[in-house]
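Numbering (UniProt numbering), first residue to last: 1 to 1036.
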């Protein structure tokens, strides 16, 4: 059978094992009784001596002393060995182990290969905890008697572990497997050992053999899904000395690094000590190199390249490290080859595949990247599904692994599917037949041919078309130069060095001086040491010019009462900005004081009358406040057809159907009444949101009669409930209509892409969930994160909208950079955002060019969701400012940014506005523990242009419009968006910082209707009104 002709799965049952195993058997089980056929258990002496003393005492003993027994002698006058061994047996029956050992030792002096004497000596040494001696004698006996070798060597493995001789313990198992390739227990012990030592890539072939032997366990099957992270099958407990550096320390460091349980530099220093103690360990060296690369230790990395152990090219992490270095140094063609070599060794290495796709994009091989994204999405879905897969999902995993030329794993998942469904016994014959087919396939070709076929199936192109890196050439790099160009700041892709020659961004809290003294209450601190989950997330902010006087006003959501109670909370507040630049609370006059338990807020013109309306998301029913145009609002919630009480997070008002009427977009969090009954006391973990039923997001279509009803062209949204938090709506890919990105807490993000609808639907567009395929469902590590806030902008100025997403404590932010084909890749490390975001838990985040130098900056609010400060986890946290440039992002030092950035607090929602119309974008922030902050931008700033858009053929708010400003060789692109991140609505103005440019040569507007308008010679430092189809700009 050809290696490329892998038989398809044809089993008819709905998709663990048809064999037996002992998955939880402890490694240290002593096998002597069944293996060595020795006498019954004895009362051995000397058990209170330590092992070293016992061994020293035993080895110093002389010939056996007289015991009073008559011993037959041979013709030469010496005692007969068989009689001596009988004497030893007699001593053992009487519990005289020392005397027995003396006799046995005498026999072995004359006959070193006497099997019976070796057996007895092994038993005595093991019983006296002289494990080192027992292991050495056991290895000797195994060489003499191969028939008992596997089981005996398994015991030697145990004894060598206890003696701290871990390399010999491994050798025992490898020798046993060489003697008996089908021995299950020794192979299982080896898999357990390699996993515990962090050598997970080395386990794969052995687990495959367990599958072939029909003795694989469920944890072992699961271990193959992802070999790059830590995974423990057994605990070695007191078998090993954890205080000594060894390869077991490597396993511990992998877990600590992945779980953020130790400082990264401490992990690196420890792994360096492992490499020094175990210089031949390719696994330790490969991991050390990866740590150096990921943490920007470039000089050390070059020295690592120069001192690699033999055989390291069989470690996928070596190739991954080399590829990452090449990619960071813009040598993408070689990086593609190196990432491919990593995938040759581990075809499930999702992180390598993710990075390879990025290099393909950069080299222009975008069509190949598109195909790989589809396969990556499948691997990501397998990873997400595997642990809790039901029978049907297990069958799907089996089918997908079969397509990827991983037939033994596929077979294992078929077994798991059958056992999960309870029909294993009925399908044993089919499974055995399948196993025979796979065996025939595997035996028909060389291992190399199978590996090459698997790689070809995964990549879809010939890897040899890409150049193999020349390590000698890399080593000729000048180490000091490399160090000076280090990625230590992580802004590696476009390093320009601009960060050090500029003035700091600076914002000052002026809330009290302008009359905005607002305490947003949620009830979080109402009871000492306890709270409810719904009190954690904060409440929203909306900026709007409700009276069209040209000055931005502010709407602040409130809560603090019981959930699902329309009259139980503090009233929301509307503040009007007066001509004297002070704010006045006009909530009563404007009739906007809704008293639901408030969450997010969206601003938009739902009835297209020119006045901004308010959509309020609550822990309860949503509320629609329609602006009457006379300074008041009317509660028009009856326009929402089907308005269930639900825990809402963020909202947006935008046209997504393509009829140029706005829809209501509602991102929801939890749909489970029990969440309101469980108090979070003594920590947060027992009431984590992931323990409750996730909610379904909703899109309500705007009808011509002014009502809103469930949109049927996104029916699949009901099949995708998640813990939704952040929201942005825009025409991300510049195709069709508006797309929707949703940041989900602890799960895959959603990306609803606009596509032409079927003609029979009567709709222009529909939305299809494509986050996995487009590359924004999860971050660069391939693991779902607790995604919260979103900032959207063109961070690298390539003309495409990108996304920054905040995450949980000890999770880096995501920076999803979009390419011209509409695919995203997380480049937070490359742009300098990963490391500074690790120590914080981020919520609201916003991007604007705060100093108008032409590059987008970032502001982020931080603060934990529960107080674990007694465990060393910060509760209140400082907010962060990041200055953007061609070289990536650099975090501002709090001392330079202003006093607000120096104080620790529990930040939540954040919105942008230019409250004083000075051309510098300001911020407004709320918190759980502090009053609202109005952060006035006092940064030294350059030139700017601001634009307000009004659609006519398009929906009036023009969500989805794109504006491109060009001046000489400089180009800036900005977008009209809705949702605005986390529970907030920004001021409806497009702000473009243009640096030293004083006149924009060309300003092009692409309206959602498809119309394009161009304006020339636009002066800087002014705000303009652009009305669709109007030929003039109107200065505001």
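Glycine included, each C-beta is placed from N, C-alpha and C at the ideal position.
| Asked | Found |
| --- | --- |
| With H, G and I counted as helix, E and B as strand and the rest as coil, what does DSSP make of residue 731? | coil |
| With a Cβ-Cβ cutoff of 8 Å, do residue 925 and residue 907 count as a contact? | yes |
| Could you give the uninterrupted runs of the beta strand (DSSP E) lying entirely in the segment 921-1005, keeping only those of 3 residues or more? | 922-927, 933-937, 943-950, 962-967, 970-975, 978-981, 990-995 |
| Taking the alpha carbon of residue 427 as the reference point, which residue from 411, 439, 438 has its own alpha carbon closest? | 411 |
| Is the distance from the Cβ of residue 998 to the Cβ of residue 938 below 8 Å? | no |
| Any chance the segment 514-530 sits against the segment 640-656, with 3 or more Cβ pairs inside 8 Å? | no |
| Compute the Euclidean distance between the alpha carbons of residue 983 and residue 687, then round it to the nearest angstrom. | 22 Å |
| Less than 8 Å between the beta carbons of residue 791 and residue 730, yes or no? | no |
| How is the beta strand (DSSP E) around residue 635 delimited, first residue to last? | 633-635 |
| Do you know whose CA, among 567, 594, 548, lies nearest residue 578's CA? | 548 |
| Residue 73 to residue 203, Cα distance in whole Å? | Here residue 73 scores only 46 on pLDDT, less than 50, and its place in the model is too uncertain to base an answer on. |
| For the beta strand (DSSP E) containing residue 599, name the first residue and the last one. | 598-604 |
| CA-CA distance, residue 489 and residue 296? | Its pLDDT being 40, under 50, residue 489 is placed unreliably by the model, and nothing is read from it. |
| Looking only at its own chain, which residues have a Cβ that is under 6 Å from the Cβ of residue 946, when we skip the five neighbours before and after it? | 989, 991, 1023 |
| Can you grab the Cα-Cα spacing for the pair residue 98 / residue 163, in whole Å? | 21 Å |
| For residue 447, report the span of its beta strand (DSSP E) as first-last. | Per DSSP, residue 447 belongs to no beta strand (DSSP E); it is in the alpha helix (DSSP H), 447-459. |
| How would you write the range of the beta strand (DSSP E) that residue 556 sits in, first residue to last? | 553-556 |
| Give me the DSSP bridge partner(s) of residue 542. | 555, 985 |
| CB-CB under 7 Å to residue 536, same chain, minus the five flanking residues each way: which ones, in chain order? | 524, 865 |
| Would a C-beta distance cut-off of 8 Å place residue 284 and residue 250 closer than the cut-off? | yes |
| Are the beta-carbon atoms of residue 813 and residue 781 separated by less than 8 Å? | no |
| Give a yes or no on whether the C-beta atoms belonging to residue 1002 and residue 962 are separated by under 8 Å. | no |
| Using C-beta distances below 6 Å, list every residue in its chain close to residue 275, excluding the 5 sequence neighbours before and after it, in chain order. | 284, 285, 288 |
| State whether the segment 854-865 contacts the segment 875-892, with contact taken as three or more CB pairs (one from each stretch) at a distance under 8 Å. | yes |
| Mind checking residue 220: buried by the 16 CB within 10 Å criterion, or exposed? | buried |
| Over the uninterrupted beta strand (DSSP E) stretch that includes residue 756, give me the two end residues. | 750-756 |
| Can you tell me which of 237, 390, 399 puts its alpha carbon nearest to the alpha carbon of residue 421? | 390 |
| Relative to the C-alpha of residue 580, which candidate in 915, 840, 267 has its C-alpha closest? | 915 |
| Which runs of the alpha helix (DSSP H), 4 residues or longer, sit entirely within the segment 888-914? | 894-897 |
| Answer yes if the segment 173-185 comes into contact with the segment 369-381, meaning at least three C-beta pairs across the two stretches below 8 Å, and no otherwise. | no |
| In whole angstroms, what is the alpha-carbon distance linking residue 396 and residue 385? | 10 Å |
| Got a sec, what are the start and stop residues for the alpha helix (DSSP H) residue 250 sits in? | 247-258 |
| Using alpha carbons as the reference points, say which of 405, 882, 840, 950 lies closest to residue 855. | 882 |
| How would you call residue 372, buried or exposed, if buried means at least 16 neighbouring beta carbons within 10 angstroms? | buried |
| Go ahead and label residue 1046 buried or exposed: buried means 16 or more other beta carbons lie within 10 angstroms of its beta carbon, across all protein chains shown. | Coverage of the chain is limited to positions 1 through 1036, which leaves residue 1046 absent and any answer about it impossible. |
| Checking 8 Å against the spacing of the C-beta atoms, do residue 583 and residue 540 come in under that value? | no |
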